[in-house]
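Number of protein chains: 4
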Amino acid sequence: MNFKTYAEATGKNALNLAKTADKINQETGVSVGIAPQFVDIASIAQNVSIPVFAQHIDPVTHGSFTGHILPESVKEAGAVGTLINHSERRLKLADIDAAITRAQQVGLVTVICSNNSAVSAAIAALKPNMVAVEPPELIGSGISVSKAKPEVVSGTVDLVKRVNPEVVVLCGAGITTGEDVAAALKLGTEGVLVASGIVKAKDQYKALLDFAEAITKV
Amino acid sequence: MNFKTYAEATGKNALNLAKTADKINQETGVSVGIAPQFVDIASIAQNVSIPVFAQHIDPVTHGSFTGHILPESVKEAGAVGTLINHSERRLKLADIDAAITRAQQVGLVTVICSNNSAVSAAIAALKPNMVAVEPPELIGSGISVSKAKPEVVSGTVDLVKRVNPEVVVLCGAGITTGEDVAAALKLGTEGVLVASGIVKAKDQYKALLDFAEAITKV
Amino acid sequence: MNFKTYAEATGKNALNLAKTADKINQETGVSVGIAPQFVDIASIAQNVSIPVFAQHIDPVTHGSFTGHILPESVKEAGAVGTLINHSERRLKLADIDAAITRAQQVGLVTVICSNNSAVSAAIAALKPNMVAVEPPELIGSGISVSKAKPEVVSGTVDLVKRVNPEVVVLCGAGITTGEDVAAALKLGTEGVLVASGIVKAKDQYKALLDFAEAITKV
Amino acid sequence: MNFKTYAEATGKNALNLAKTADKINQETGVSVGIAPQFVDIASIAQNVSIPVFAQHIDPVTHGSFTGHILPESVKEAGAVGTLINHSERRLKLADIDAAITRAQQVGLVTVICSNNSAVSAAIAALKPNMVAVEPPELIGSGISVSKAKPEVVSGTVDLVKRVNPEVVVLCGAGITTGEDVAAALKLGTEGVLVASGIVKAKDQYKALLDFAEAITKV
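Quick note, the sequences are listed as chains U, E, G and Z, same order.
The opening residue of the first sequence carries number 928 in my numbering; numbering runs sequentially from there.
The opening residue of the second sequence carries number 928 in my numbering; numbering runs sequentially from there.
The opening residue of the third sequence carries number 928 in my numbering; numbering runs sequentially from there.
The opening residue of the fourth sequence carries number 928 in my numbering; numbering runs sequentially from there.
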């Protein structure tokens, strides 16, 4: 679950949402990874047992990189992985490659976002842990990629596995209901990326529970 | 004091360095502002009484800005201000303007970095709280801008004050000793930006004390 | 007149539009500067006597800068000036400063675009020949800045002249008729930036003539 | 042959160098593709029969893209192909994908540059015509990639062909002599990218002849 910079998922609200996801994990056994803003990583990681991800890292090392996201810093703050190349924070190709290498050096799981099947296949060649395909035009739309563009999802699974069968495929964009999640899993993905669908839900607990139940049913 | 992504100023080391600066403040009355990495802001702000700055903010609002630095988030984490446009994290002109506006909206003090006198004057027109001129070629060099390029420092003070007399002028780059600080203050600046000169000193406490004493003597 | 990448102003169409503007110049005495795409600069400059501008230059020198726009190259191709920092091609602040310096070194007139009054004032401190203020939300809208936001135009003239009285102020965005031009000149600007208003007009000659007559009447 | 922004390959010098390469073609039958600066494409394409490439294109269409390189414009100016993602002009991954698509739409041959084997394989998944691997640290060094890092070259050929056997592999960086070219071809590449090795040679004709003879000997 990507917290983005939503008001409902910043600071104290971020901690509360993380605790809700943690509770869902205890009740259903479904482990929801969460990606809060950088400044919220440490306090959240200290208070929940579900995996915490950074929303981005820079391919930098210790040194003179003011204002950049050092992989070591998010790791020490308690994150276990990181998103890279989200459609709202796209990177140059050489930097994606370098960021994956740096993440592996410090022991962060890598989830690389892509905008279509071909780009997903390209990313797979860089040996990340996971690729998450998200058609930009559906992000935040409430129209689920798994229902509106099933061919993008299944095509991505197909192309990615051909380049590198070890890469786990996720999908995202417009995922709002447990049904959307179930559709995504049927298309061959092993999980979903979700943001507004839960963060902006009237009842975040209920929305998360709906997702968790969809996953346990598969 | 800019912590950059130095190993000596990341995570636990960052907290220790912040506490040392806090101690110097209690002993000498000189308040050293510190700019740690984003993930370290919250834990440091909870443990020291000196002002904490972010190293950068993005001109974004609550919403869909994955991987960006939301001004509200660094404020809620306890920062009182932010660097913007550091030579290692330069921004587009329109984004500097927008970031200053956003910082003012959430109540963050703005310290905008520049690379020369003309750029400093341009920044002054955007009405930040402070401008910090740092010739890039001297950053991390150990050769002090206040001694090697005094005309850049005094020229910046002159041009900035002509555009906007309310803007405080700082300088940085190569500042290593209390003597460098004193030279900077004599040239009309009201403070200095320092990084490796203290962070990478064998004895950070001693290096900070040297700086603080130079300031109290003025 | 900015040709952007419009079909009506690319290749042969670019040359034809340039010749139309040249004819207007001969008939009315009004000299319309034109900014075609890079590849069209040379052939146009050889065929018209009105001033040709580049749409952008990079702050680079002779050397290893593959894919960049070398100021010397556009000069040698026949351009007399260049746009810099158009809202569709914004630059980092330090690069605007460096690009202005490079343009002056090779003898290119600089027209720096800005998005509001404060940014215009900042640019004036960098000593370009001209500043062109264009509120991004009005670009291509057909709603003229000189009528919809006269305070932005007059405020820019005021702030720019205070920082540097030698800088010429232009305005743009939504300028479609001779009336819009006249309004802009009354607000203290010395010219306008126009694109779709002429390029996409059914009769480019007639649209240009309307503009030229508005200028001669002032 | 990449002309970069070298003084020896700008404007008139660019045309002269292009004619020299054209002469070599007539004398040896070896066709050297050349990539001059944008403003020089048209005059060169009119005067030589060897293939002319752009150094870069942007993934834009006809419309409001001031200062960008429209694929249609370089095509109409006479280019038959384009470099994309040169180490001096790196693009975001999604933009490389979009630029390849745009190039194919207008009929431009695509040569995508990469910095290592893994990135080359990623690019191959995007179905360009050619991939050119160039370790950045060797570019302009005079130390040939084909001799100093043969494993990067052969590793790239291997990985690229596994992802997409139709993609032609080139290599570059430090290529200075015919011997370097021969070594590159033996490693499985089908051509080389060269810049300073010829552009900055005392006798460009002789340097080119040396290269051409190395190719004819294979």
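Where a beta carbon is used, it is the ideal one built from N, C-alpha and C, also for glycine.
Looking at the ligand ADP, does it come within less than 7 Å of residue i, judged from the CB to the closest heavy atom?
i: Z/Ser1000; result: The model depicted lacks the ligand ADP and carries no ligand whatsoever.
By DSSP's criteria, residue i is part of a beta bridge. Which residues make up the other side?
i: E/Thr955; result: None; E/Thr955 has no bridge partner.
i: E/Phe980; result: E/Gly1008
i: U/Ile961; result: U/Val979
i: Z/Asn929; result: Z/Ala962
Please classify residue i as buried or exposed, where buried requires at least 16 other C-beta atoms within 10 Å of its C-beta.
i: G/Thr1092; result: Checking the displayed sequence, the identity of residue 1092 of chain G turns out to be Pro instead of Thr. With fewer than 16 other Cβ atoms within 10 Å, it is exposed.
i: U/Glu1117; result: exposed
i: Z/Gly1034; result: exposed
i: E/Gly881; result: Nothing in the structure corresponds to residue 881 of chain E, since chain E is present only between 928 and 1145.
i: Z/Asn943; result: exposed
i: G/Ser1073; result: buried
i: E/Asn1042; result: buried
i: E/Thr932; result: buried
i: Z/Ser976; result: exposed
i: E/Ile929; result: The residue asked about is misnamed: residue 929 of chain E is Asn in this sequence, not Ile. Counting Cβ neighbours within 10 Å, E/Asn929 comes out buried, since at least 16 surround it.
i: Z/Asp985; result: buried
i: E/Gln1131; result: buried
i: Z/Glu1078; result: exposed
i: G/Thr1143; result: exposed
i: G/Glu1015; result: buried
i: U/Lys1076; result: buried
i: G/Gln982; result: buried
i: Z/Gln964; result: buried
i: E/Lys1002; result: buried
i: U/Glu999; result: buried
What are the start and end residues of the alpha helix (DSSP H) that includes residue i?
i: Z/Ala1059; result: Unbroken run through Z/Ala1059 is the beta strand (DSSP E), 1057 to 1060; no alpha helix (DSSP H).
i: E/Val1001; result: 998 to 1003
i: G/Thr1028; result: 1020 to 1033
i: E/Leu1048; result: Per the sequence shown, the amino acid found at residue 1048 of chain E is Ala instead of Leu. Residues 1044 to 1051.
i: G/Ala972; result: 968 to 974
Can you tell me where the beta strand (DSSP E) holding residue i begins and where it ends?
i: G/Ile1039; result: 1036 to 1041
Taking residue i as the reference, which of the options has the closest Cα?
i: G/Ala1150; options: G/Ala1030, G/Pro1062, G/Gln1032, G/Thr1037; result: Because residue 1150 of chain G is not part of the residues shown, which for chain G are 928 to 1145, the question remains open.
i: Z/Val1145; options: Z/Val957, Z/Gly1008, Z/Val1036, Z/Ile1050; result: Z/Val957
i: G/Val979; options: G/Asn1056, G/Val1126, G/Val987, G/Ser970; result: G/Ser970
i: Z/Val1090; options: Z/Ala1049, Z/His1013, Z/Ala1134; result: Z/Ala1049
i: U/Val926; options: U/Val1060, U/Ala1075, U/Glu1015; result: This structure leaves residue 926 of chain U out entirely; chain U is present only between 928 and 1145.
i: E/Asn940; options: E/Val1126, E/Ala1139, E/Lys1133; result: E/Val1126
i: U/Ala1111; options: U/Val1087, U/Leu1136, U/Gly1124, U/Ser1071; result: U/Ser1071
i: G/Gly1124; options: G/Gly1115, G/Asp1107, G/Glu1140, G/Lys1113; result: G/Asp1107
i: E/Gly989; options: U/Ala981, U/Gly938, U/Ile1023; result: Note that residue 989 of chain E corresponds to His in the displayed sequence, not to Gly. Ranking the options by Cα distance to E/His989, first place goes to U/Gly938.
i: U/Gly1082; options: U/Glu954, U/Gly960, U/Ser1047, U/Gly1101; result: U/Ser1047
i: E/Leu997; options: E/Ala1139, E/Ala948, E/Lys1019, E/Ile1027; result: E/Ile1027
i: G/Val1096; options: G/Ile1039, G/Gly1069, G/His1013, G/Leu1065; result: G/Ile1039
i: E/Thr1104; options: E/Lys1088, E/Val1084, E/Leu1114, E/Ala1128; result: E/Ala1128
i: G/Asn1012; options: G/Leu1135, G/Ala936, G/Pro1055, G/Ala948; result: G/Pro1055
i: U/Ala1052; options: Z/Ser1068, Z/Leu1020, Z/Val1036; result: Z/Leu1020
i: Z/Gly1069; options: Z/Ile1102, Z/Val1084, Z/Lys1113; result: Z/Ile1102
i: G/Gln991; options: Z/Ser991, Z/Gly1067, Z/Gln973; result: Checking the displayed sequence, the identity of residue 991 of chain G turns out to be Ser instead of Gln. Checked all of Z/Ser991, Z/Gly1067, Z/Gln973; the closest Cα to G/Ser991 is Z/Gly1067.
i: E/Met1057; options: E/Leu1135, E/Gly1008, E/Ala948; result: E/Gly1008
Task: Minimum length 4: unbroken alpha helix (DSSP H) runs contained in the stretch 1070 to 1144 of chain U - done: With a minimum length of 4 residues, the unbroken runs of alpha helix (DSSP H) contained wholly in the stretch 1070 to 1144 of chain U fall at 1072 to 1075, 1077 to 1090, 1105 to 1113, 1123 to 1126, 1131 to 1144.
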